[in-house]
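Okay, so here's the structure we're looking at.
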Amino acid sequence: MYLAAYLFLMNNIIRSSAYIFFFIILFYSCSGSGDDDTDIVPAEPLMDQYTKENDSIVEFMKTHFYNYEDFNSLSSNSSVELSIDTIAGDNLDKTPIFDQVSTLTINLIDENDELVPHNMYYVINREGSGANPSVADSVFVSYKGLTLGNTSFDNRKNPIWLDNTSTVRGFGEFSSLLKRGDISTNTNGTYEFNNFGIGFVIMPSALGYYENGTLSLSAYSPLIFQINLHTLNITDHDSDGINTIDEDLDGDHIFINDDTDSDNIPNYRDRDDDGDGILTKDEYDVDGDGVPDDSDGDGIPDYLDNDE
Ligand SMILES: [Ca+2]
Ligand SMILES: [Ca+2]
Ligand SMILES: [Ca+2]
Ligand SMILES: [Ca+2]
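This note's numbering puts the first residue of the sequence shown at 11, with every later residue one more than the last.
Okay, structure coming up:
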């Protein structure tokens, strides 16, 4: 399975009835082999599912260790592949993952519009040397995806570009905690990355694929991703002069729910954000002082104001 291709279904399903509609269409079109008796099983309630999964993640972290000793001797231009095993037998003296992780909490909204904080647990083995990507940026990454049962469901040894707005939520959130590496060019013209960020994260399924199982992944699987963040690209998806991260007006890290002119094109894809017929790039900062213009002084910048 290819992570980027799976898009952002999880966020959409929880957030937007419009996208629930979209997903149902997709579901029917995928299963459309003439079987009209197929029922759609409603997704599990988010709060119950989270509680259950968080318990198993915590239990997993207390009973397992990772190959942390291998990360002590990292060379600057390479990584070490994450491997996880049970604390037992010869490994009884190993430090459990539970004692080594930090926690990042992501707030999701459930089917009743209630806030359900979701913990992700992570280890950063090497911070990286440059800037962090945002959750809106594109990242050049190699990665490995594991289940708690130690099945590898997705694996990229050679780095590829992924758009953080299109990966599963937890992947983008965690990659934004890592920093990019330095690029050096060798005498033969090839280039390599040095001191890039390396780490892994363990997340509940609502930050992954939730009820969407695949051939290699069962529904409601908590996920483990090891990510090597080689470099990044700051994105402006609609080329309107405003970076995508700055088009998330409510700052919730979800980009499809900011739509100033309610034309069903979210701002990060909309070249005329307020729908007044003037392109955002032509009214954002006409005087070039680096501050968005506000002609009528009403506190709403012109590019979001259709009556300035
Ligand atoms: Ca938003
Ligand atoms: Ca825009
Ligand atoms: Ca406009
Ligand atoms: Ca305007």
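Using N, Cα and C, we set each Cβ at its ideal position, and we do this for glycine too.
Per DSSP, what kind of secondary structure is residue i in: helix, strand or coil?
i: D256; result: helix
i: L242; result: strand
i: I107; result: helix
i: F184; result: helix
i: K62; result: helix
i: N135; result: strand
i: D303; result: coil
i: S39; result: The predicted position of S39 is uncertain, since its pLDDT is 35 and thus under 50; a value taken from the coordinates is nonetheless stated next. In this structure, S39 counts as helix in the three-state DSSP scheme.
i: I67; result: helix
i: T115; result: strand
i: G99; result: helix
i: D315; result: coil
i: N82; result: helix
i: N196; result: coil
i: S215; result: helix
i: T224; result: strand
i: Y278; result: helix
i: R166; result: strand
i: S26; result: Low per-residue confidence applies at S26: pLDDT is 41, beneath 50, and the placement is therefore not dependable, though the value from the model is reported in the following sentence. It is coil, neither helix nor strand.
i: D292; result: helix
i: T73; result: helix
i: L158; result: coil
i: L125; result: strand
i: L92; result: coil
For residue i, which of the options has the nearest alpha-carbon?
i: T113; options: D100, Y131, L102 and L125; result: Y131
i: N168; options: V301, F150 and P143; result: F150
i: R166; options: Y60, L92 and Y201; result: L92
i: K62; options: L172, S231 and I288; result: S231
i: S152; options: W171, I212 and P143; result: W171
i: S86; options: S194, L156 and H247; result: S194
i: S66; options: S226, T254 and M213; result: M213
i: D120; options: L56, L289, P143 and M71; result: L56
i: L125; options: S272, F70, Y60 and N64; result: Y60
i: G209; options: S228, K154, D268 and H247; result: K154
i: L118; options: D273, G180 and K72; result: G180
i: N64; options: D80, N82, N77 and T115; result: T115
i: M71; options: I288, T254 and V211; result: V211
i: D283; options: H247, G307, V90 and D308; result: H247
i: D58; options: D147, N122, I252 and N274; result: N122
i: D147; options: Y201, N243, L84 and P52; result: N243
By Cβ distance below 8 Å, which residues in the same chain neighbour residue i in space, the five residues on each side in sequence not counted?
i: L17; result: Because the pLDDT of L17 is 43, which lies under 50, any placement of that residue in the model is unreliable, and the question is left without a value.
i: G191; result: G138, S139, G140, F203, N204, N205, F206, G207, L239, H240 and T241
i: N101; result: F75 and D95
i: D304; result: I310, P311, D312, D315 and E318
i: V68; result: F108
i: P302; result: Y294, D295, P311, D312 and Y313
i: D268; result: E257, D258, L259, D260, P276, N277 and Y278
i: N196; result: E202
i: L84; result: V90, N135, R136 and I208
Who are the near neighbours of residue i in its chain, counting only those whose CB is closer than 6 Å to its CB and skipping five residues on each side?
i: G182; result: V145 and N174
i: D250; result: R281, T290 and K291
i: T229; result: Sequence check: residue 229 is Ala here, not Thr. Hits under 6 Å: E221 and G223.
i: L156; result: S162 and I234
i: D306; result: E318
i: D273; result: G285
Residues in the same chain with beta-carbon distance under 7 Å from residue i, minus the five sequence neighbours each way, listed in chain order, please.
i: D286; result: N316
i: H74; result: I94, D95, T96, I97, P106 and I107
i: D299; result: none
i: S185; result: P143, V149, V151, N174, I237 and L239
i: F81; result: V90 and N135
So is residue i in contact with chain B if we call contact Cβ pairs under 8 Å?
i: F150; result: In the structure shown, chain B cannot be found, because there is only a single protein chain.
Please indicate yes or no: does the CB of residue i lie closer than 7 Å to some heavy atom of ligand 6?
i: D147; result: Although ligand 6 was asked about, the structure shown includes only ligand 1, ligand 2, ligand 3 and ligand 4 as ligands.
Checklist line | Cβ pair count under 8 Å reaching 3, the region 220–233 against the region 129–141 | finding: No: fewer than three Cβ pairs fall under 8 Å.
Next item on the list: Measuring from each Cβ to the nearest heavy atom of ligand 3, keep the ones under 5 Å and list them in chain order.
Entry: Selection output, chain order preserved: D282, D284, D286 and I288.
Next item on the list: Would you be able to state if there are at least three C-beta pairs under 8 Å between the region 154–164 and the region 102–120?
Entry: Verdict: no, contact absent.
Next item on the list: Give a yes or no on contact between the region 264–271 and the region 292–301, applying the rule of three or more CB pairs nearer than 8 Å.
Entry: The answer is no - the region 292–301 does not touch the region 264–271, with fewer than three Cβ pairs under 8 Å.
Next item on the list: With a cut-off of 5 Å, give the chain-ordered residues whose Cβ is closer than this to any heavy atom of ligand 1.
Entry: Residues with a Cβ closer than 5 Å to any heavy atom of ligand 1, in chain order: D258, D260, D262, I264, N267 and D268.
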